[in-house]
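Working notes for the structure below.
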Amino acid sequence: MRFARYTREKRPRINVVKTYLARTVLLFLIPLSLGYSHHSFPGIYDVDQQWLLKGVVNEFIFRNPHTFVVLEIASNGDTTEQWYIEMAPMQVLMGRGMDKNTIGPGDDLIITCNPARDGGKSCGLGQKGGLYRPDDQLLYGMDPRQLHDLLNLPK
């Protein structure tokens with residue numbers, strides 16, 4: 005019984021240190037990887053595409069961890085489609101002068117955003133996204149009209 009010689013007290017100290025270090029690293033890496041996957045904007049939205057959406061606000065959801073604009077967009081014919089526009093957290097919007105009353109039901113908005121990768125009716129305001137009112141009031145992000153011209157998108 006060759007392995008019986010080492011008891012817990014006599015085990016080489018280097019193995020204890022390696023085990024402790026490995027456990028500590030894993031303890032910190034697992035939560036970090038979970039947080040990164042949750043906040044992977046390019047994993048949810050196609051950052052290579054920019055869409056210009058025009059519609060009427062149905063609801064402004066001003067809460068954490070992300071705020072949303074529910075937008076009614078005219079579709080083919082007399083029908084409308086309901087789109088969910090994901091925005092930054094409440095604190096970021098408040099830092100830029102927005103509050104829960106900045107956008108309300110019935111407001112007309114023009115939004116530049118990245119479409120969802122799964123083809124659903126959702127869009128995310130990424131680094132180049134923005135929204136404004138048709139009366140030229142920029143509310144958040146980049147001015148969608150300028151980005152629209154920069155990308156040579158069809159009108």
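Quick note, in the numbering used here, the sequence shown goes up one by one and the last residue is 159. Cβ coordinates follow ideal geometry from the N, Cα and C atoms, glycine included.
- The beta carbon of Q86 is closer than 7 Å to those of N62, V74, E76, K125 in its chain, skipping five residues each way along the sequence.
- Look at the beta carbons and you see the region 48–56 touching the region 116–130: at least three pairs across the two are nearer than 8 Å.
- Runs of alpha helix (DSSP H) with 4 or more residues, each lying fully within the region 74–114, are found at 94–99, listed in chain order.
- Residue Q141 holds the alpha-carbon nearest to the alpha-carbon of G101 among P46, Q141, N19, Y24.
- Remark: C-beta atoms of K104 and F66 approach each other more closely than 7 Å.
- Across the structure, L113 and V60 are spaced so that their CA atoms are roughly 6 Å apart.
- For G47, the uninterrupted alpha helix (DSSP H) segment begins and ends at 45–48.
- Of the other Cβ atoms in all chains shown, 16 or more fall within 10 Å of the Cβ of L135; this residue is therefore buried.
- Looking at the DSSP output, N118 shares a beta bridge with G128.
- Burial is judged here by how many other beta carbons sit within 10 angstroms of a residue's own beta carbon; A92 has at least 16 and is buried.
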